[in-house]
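Step one of this worksheet: look at the structure below.
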Amino acid sequence: FKGLLPLPLQRGGRSPPTPACQWRGWGAGRTEEAGGQEPPLARSSPLTSSRPGPAPWEDPAWRAGLGGFLACLLPSESSCLKCLLFLSNFLFSLLSLLALAIGLWGLAVKGSLGSSWGSPLPADPMLGLVLGGLAVSAVSLAGCLGALCENAFLLRCFSGGVLAFLVLEAVVGALVVALWGRLQDGLEHVLRLAITHYQDDPDLCFLIDQVQLGLQCCGADSYQDWQQNLYFNCSSPGVQACSLPASCCIDPWEGGASVNDQCGFGALGLDEDAAQRVVHLEGCSPPLLRWLHSNIRTLGCYAIGVVLVQGVELLLAIQLVRALTVHKGAAGSGGLSTGTPPSVQSSAKLVMSE
Numbered sequence: 001f002k003g004l005l006p007l008p009l010q011r012g013g014r015s016p017p018t019p020a021c022q023w024r025g026w027g028a029g030r031t032e033e034a035g036g037q038e039p040p041l042a043r044s045s046p047l048t049s050s051r052p053g054p055a056p057w058e059d060p061a062w063r064a065g066l067g068g069f070l071a072c073l074l075p076s077e078s079s080c081l082k083c084l085l086f087l088s089n090f091l092f093s094l095l096s097l098l099a100l101a102i103g104l105w106g107l108a109v110k111g112s113l114g115s116s117w118g119s120p121l122p123a124d125p126m127l128g129l130v131l132g133g134l135a136v137s138a139v140s141l142a143g144c145l146g147a148l149c150e151n152a153f154l155l156r157c158f159s160g161g162v163l164a165f166l167v168l169e170a171v172v173g174a175l176v177v178a179l180w181g182r183l184q185d186g187l188e189h190v191l192r193l194a195i196t197h198y199q200d201d202p203d204l205c206f207l208i209d210q211v212q213l214g215l216q217c218c219g220a221d222s223y224q225d226w227q228q229n230l231y232f233n234c235s236s237p238g239v240q241a242c243s244l245p246a247s248c249c250i251d252p253w254e255g256g257a258s259v260n261d262q263c264g265f266g267a268l269g270l271d272e273d274a275a276q277r278v279v280h281l282e283g284c285s286p287p288l289l290r291w292l293h294s295n296i297r298t299l300g301c302y303a304i305g306v307v308l309v310q311g312v313e314l315l316l317a318i319q320l321v322r323a324l325t326v327h328k329g330a331a332g333s334g335g336l337s338t339g340t341p342p343s344v345q346s347s348a349k350l351v352m353s354e
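Taken in order, the sequence shown gives residues 1 to 354; the numbers are from the UniProt record's numbering.
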């Protein structure tokens, strides 16, 4: 065995000193020596605690700091709530920001943004898209960031915004049900007003054209309603006098790839027998009412679906706020609470043991 012993022991000398990196415990101070070994590291060593008193993990300040770190680690159920809330609001944020960008682009193209400074808000359909996108994006971003950062204040703001949306939708739904008869009676008046301002707004022009093409109609009550338009009136001196928009034509494409804008020229000056071979004679108010009556259930299902999604979002946010409050309160009161998951407790014990 002589060749296996260290050189100092072979010569009868002292054993080699204990390596300085050997762990001697936190509350060292023991002076045990065995076989002539050198004493362990002093209390002032950087690897040992130089502070008298209890061990670090017994210090309330140290435990509070560990509890603050563990407060960020939610149980698995709360983590699922956090992920669901974040992903859903991230999707809604993207959609609402897209709507906001489209609305701003539409206002900028038509020059409504530059001309509206210092004046009342313009009655523009794009303005509703901008305001709606701005409101939804603000609430969705609050929920998204609140779930991601585990911020209870942002989550409460998100819950308040969703609750405000639900109240507003309930009020609008109640008004629609209560005033349904008056709304149907006012539909023809709205169509006549839109016909009068047909050339004033590109969005309004596009909307009327799509309604007339989709329902295969012309005007509000009949095709003669276009006499109320300043440009299409037969007394107008312009080239569009006694004419109709191309969307009133039975075949606006006339076999081509693009719409023939002159297919309705002179149609208001024709008798009904000649006009019905070129344009639609029925107004858009009756078919639009029939379409609403036939699709009222589908529209109601869409509205109920939107309300249900918002209700689920609200419940998720409230549940996540409760989980954050309970978990952080428990972690702050005792560092390692009894509600801490076993995986977190084992990680904390490993940190304390090291």
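The C-beta atom is built at its ideal place from N, Cα and C for all residues, glycine as well.
- Where DSSP assigns a beta bridge to cysteine 149, which residues make up the other side? Answer is none; cysteine 149 lacks a bridge partner.
- May I have the straight-line CA-CA distance separating arginine 192 from leucine 315, to the nearest angstrom? 45 Å
- Message: Tell me the DSSP secondary structure of valine 279 in three-state form.
- Response: strand
- Query: Which two residues bound the contiguous alpha helix (DSSP H) that contains aspartate 250?
  - Reply: Going by the sequence as given, residue 250 is isoleucine instead of aspartate. No alpha helix (DSSP H) holds isoleucine 250; DSSP gives it neither H nor E.
- Local Cβ density within 10 Å of proline 245, reported as buried at 16 or more and exposed below that: buried
- Query: Using 8 Å as the threshold, is the region 126 to 133 in touch with the region 222 to 240, meaning 3 or more CB pairs across them?
  - Reply: no
- serine 285 (DSSP reduced to helix, strand or coil): helix
- Just checking my contact of valine 211 with cysteine 249 at CB under 8 Å: how many whole Å lie between their CB atoms? Between cysteine 249 and valine 211 the Cβ distance is about 14 Å, and since that is not below 8 Å, they are no contact.
- Item | Residues that DSSP places opposite serine 222 in a beta bridge | Glu282
- Query: Given phenylalanine 158, which residues of its chain have a CB within under 7 Å of its CB, disregarding the five upstream and five downstream residues?
  - Reply: Val139, Ala142, Gly143, Gly146 and Ala317
- Item | Whether cysteine 218 touches glycine 283 by CB criterion (8 Å) | yes
- Message: Excluding the 5 residues flanking serine 78 on each side, which residues of the same chain have their C-beta closer than 6 Å to its C-beta?
- Response: Ala323
- Query: Any idea what DSSP makes of glutamine 310, helix, strand or coil?
  - Reply: helix
- Message: Just to confirm the assignment, what range does the alpha helix (DSSP H) spanning residue 358 have?
- Response: Given that the chain is displayed from residue 1 to residue 354, the structure contains no residue 358 and the question cannot be resolved.
- Simplified DSSP assignment, three categories, for phenylalanine 90: helix
- With 16 other Cβ atoms within 10 Å as the buried cut-off, status of histidine 189: exposed
- Query: What residue does the alpha helix (DSSP H) around leucine 270 start on, and which one ends it?
  - Reply: Here leucine 270 belongs to no alpha helix (DSSP H), and DSSP marks it neither H nor E.
- Task: Can you grab the Cα-Cα spacing for the pair serine 258 / alanine 275, in whole Å?
- Result: 22 Å
- Smallest Cα separation from serine 243: which of Pro252, His327 and Gly266? Gly266
- Task: Give a yes or no on whether the C-beta atoms belonging to glutamine 319 and phenylalanine 165 are separated by under 8 Å.
- Result: no
- Query: Out of Val109, Leu107, Trp180 and Leu129, which has the shortest C-alpha to C-alpha gap to leucine 95?
  - Reply: Leu129
- Query: For leucine 148, which option in Cys263, Ile304, Lys82 and Trp253 has the closest C-alpha, if you only look at C-alpha atoms?
  - Reply: Lys82
- Could you give the DSSP three-state label for phenylalanine 158: helix, strand or coil? helix
- Task: Let me know if valine 171 comes out buried or exposed under the rule of 16 or more other beta-carbons within 10 Å of its beta-carbon.
- Result: exposed
- Could you tell me which of Tyr223, Asp273, Leu87 and Lys328 sits nearest to serine 247, measuring between CA atoms? Tyr223
- Task: Mind checking which residues open and close the alpha helix (DSSP H) that includes glycine 238?
- Result: Looking at the DSSP string, glycine 238 is not in any alpha helix (DSSP H), and its letter there is neither H nor E.
- Nearest-angstrom Cα distance between residue 373 and aspartate 185? Nothing can be reported for residue 373, as the shown portion of the chain is limited to 1 through 354.
- Query: Residues in its own chain within less than 6 Å of glycine 114 by CB, not counting five upstream and five downstream?
  - Reply: Note that glycine 114 has pLDDT 49, beneath the 50 cutoff, so the model's placement of it is unreliable and the number below is only indicative. So the list is empty, once near-sequence residues are dropped.
- Go ahead and label proline 252 buried or exposed: buried means 16 or more other beta carbons lie within 10 angstroms of its beta carbon, across all protein chains shown. buried
- Message: Taking a contact to mean a Cβ-Cβ separation below 8 Å, would you say valine 321 touches alanine 152 in this structure?
- Response: yes
- Query: leucine 215 and proline 287 look like a contact to me (Cβ under 8 Å); what is the Cβ gap, rounded to whole Å?
  - Reply: 4 Å
- Own chain residues within Cβ distance below 7 Å of tyrosine 302, not counting five before or after: none
- I think leucine 187 touches histidine 197, with their Cβ atoms under 8 Å apart; what is that distance to the nearest whole Å? Wrong, their Cβ atoms sit about 16 Å apart, outside the cutoff.
- Beta-carbon separation of valine 176 and leucine 168 under 8 Å? no
- Query: To which residues of the same chain is aspartate 221 closer than 7 Å at the C-beta, ignoring the five residues directly before and after it?
  - Reply: Glu188, Gly283 and Ser285
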